[in-house]
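J.: So that we are looking at the same thing, I have put the structure below in structure tokens.
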Amino acid sequence: MLFPYQNIVVLTGAGISAESGIRTFRDQDGLWENHRIEDVATPEGYLRDPVTVQNFYNLRRQQLESGTVEPNAAHLALAELEAKLDGKVTIVTQNIDNLHEAAGSKNIIHMHGELLKAQCSQTGQSIEWTGNITLDDHCHCCQIPAPMRPNVVWFGEMPIGMGAIHEALLEADLFISIGTSGAVYPAAGFVHEAAMHGAHTVELNLEPSDVESEFAEKRYGPASELVPKFVA
Ligand code: BJW
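Here it is, written out as structure tokens:
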């Protein structure tokens, strides 16, 4: 049977990359077990202690650049779906890794930023980045060069691409949420928005998320098994 949808929005979270060896945030052994959110994922934390915050992201960037992290069957199945579908697949990812790109997906919105980019702390302008970001790295866009910071969205900051995301949700006939706890807004509200506009909504996760009751259909298990089966 042909996949019976033509406008698909896929929201992904840390759970889709867990089986590729990237730590999630809120699970046992997640990143928030050893770090306080307010220290490493807020603009205030960065202002208080930029070295700790840069280190937190430098270590995660090193992991991505080490060549040991590869897309898993879930990333690959989504890329295959986009390639074969007679329609549109928009991946809205909260992840800052590059595993959707590595799998071959093309239409990706990184709403919480990208680890392999740095941004000017003054203007927000971003550029491709490899290696560590240090306090000595400054931008080329300001008259008085400003420090570079990780190109990520911290609590209290505006997520990236919200206009394009709302547009995609408006048109969607299918909304799939994969590997996200539903603990962080505005992403956790997308299921409601998609359903209001008439999309069928599906949760694929290891366990029920905080917004599980909003979904019309749910399947629980590892993403690498659920996603290829669902999009086949
Ligand atoms: C598996 C698996 C396997 C494991 N297979 N599954 C409304 C109400 C209340 C509060 C707010 C609200 N609106 C905004 C707020 C404030 C705030 C917020 O949400 N606070 C909450 C604490 C309530 N939001 C913000 O500040 C956001 N900005 C904002 O709202 O701007 C204003 C605005 C106004 C109007 C419109 C739009 C905007 C910004 C949020 C920024 C989040 N940043 C982080 C850090 C990014 C950089 C980095 O990576 O370090 O983003 S925090 C962290 O959480 C990261 C993630 O992207 C995000 C979500 O986490 P995720 O991906 O869900 O991971 P986990 O660990 O939570 O869950 C993993 C899941 O996978 C689990 O369910 C597992 O079971 C599952 N899993 N293995 C399948 N193998």
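Residue numbering for the sequence shown follows this note's numbering, starting at 381 and increasing by one per position.
The beta-carbon is built from N, C-alpha and C at its ideal position, and this holds for glycine as well.
Bear in mind that the values here come from a model prediction, so they are computed numbers and not experimental data.
#1: Check this for me: beta carbons of L554 and H572, under 8 angstroms apart or not?
#2: Taking its Cβ as the centre, do 16 or more other Cβ atoms sit within 10 Å of H520, making it buried, or is it exposed?
#3: Is Y565 close to ligand 1? I mean its beta-carbon at under 7 angstroms from any heavy atom of the ligand.
#4: Could you tell me the distance, in whole angstroms, from the CA atom of M381 to the CA atom of E583?
#5: Among the residues of its own chain, which have a CB less than 6 angstroms from the CB of A575, if the five just before and after it don't count?
#6: Please tell me whether, using a cut-off of 7 angstroms, the distance from the CB of N585 to the nearest non-hydrogen atom of ligand 1 is below it.
#7: Please report the distance separating the alpha-carbon of A394 from that of F535.
#8: Between the region 438 to 451 and the region 470 to 487, do at least 3 Cβ pairs fall closer than 8 angstroms?
#9: Any idea what DSSP makes of T404, helix, strand or coil?
#10: Looking at the structure shown, is E418 part of a helix, part of a strand, or coil, going by DSSP?
#11: Considering only residues of the region 445 to 473, which uninterrupted beta strand (DSSP E) runs meet the minimum length of 3 residues and lie entirely inside it, listed in chain order?
#12: Across the region 484 to 499 and the region 396 to 406, are there enough close Cβ pairs to call them in contact, namely three or more that are closer than 8 angstroms?
#13: State yes or no: is the C-beta of L391 within less than 8 angstroms of the C-beta of V472?
#14: Do G467 and Q408 have their CB atoms nearer than 8 angstroms?
T.: Well, looking at it:
#1: Within the sequence shown, residue 554 is the residue found at index 174, counting from 1. Within the sequence shown, residue 572 is the residue found at index 192, counting from 1. Taking C-beta atoms as the reference points, L554 and H572 fail to come closer than 8 angstroms.
#2: Mapped onto the sequence shown, residue 520 falls at position 140. The Cβ neighbour count for H520, taken over all protein chains shown within 10 Å, is under 16; the residue is labelled exposed.
#3: Position 185 of the sequence shown, counted from the start, is the residue given in the question as residue 565. Yes, the Cβ of Y565 comes within 7 angstroms of a heavy atom of ligand 1.
#4: Here residue 381 corresponds to residue number 1 of the sequence shown, with the count starting at 1. Here residue 583 corresponds to residue number 203 of the sequence shown, with the count starting at 1. Below a pLDDT of 50, predicted positions are generally treated as unreliable, and M381, at 49, falls in that range; no measurement from the model is reported.
#5: Position 195 of the sequence shown holds residue 575. The residues are T581.
#6: As a first step, residue 585 is located in the sequence shown; it is residue number 205 there, counting from the start. In terms of side-chain proximity, the C-beta atom of N585 is found nearer than 7 angstroms to a non-hydrogen atom of ligand 1.
#7: In the sequence shown, counting from the first residue as 1, residue 394 sits at position 14. In the sequence shown, counting from the first residue as 1, residue 535 sits at position 155. Approximately 16 angstroms between the Cα atoms of the pair.
#8: As far as the Cβ criterion goes, the region 438 to 451 touches the region 470 to 487, which means the pair count is three or higher.
#9: The count along the sequence shown starts at 1 and reaches residue 404 at position 24. Residue state, collapsed to three classes: coil.
#10: Counted from its first residue, the sequence shown places residue 418 at position 38. Secondary structure of E418 (DSSP, three-state): helix.
#11: Counting only runs of 3 or more, we get 468 to 473.
#12: Not touching, per the Cβ criterion.
#13: Position 11 of the sequence shown, counted from the start, is the residue given in the question as residue 391. Position 92 of the sequence shown, counted from the start, is the residue given in the question as residue 472. Yes, they are a contact pair.
#14: Numbered from its first residue, the sequence shown carries residue 467 at position 87. Numbered from its first residue, the sequence shown carries residue 408 at position 28. No, the pair does not count as a contact, with Cβ atoms beyond the cut-off.
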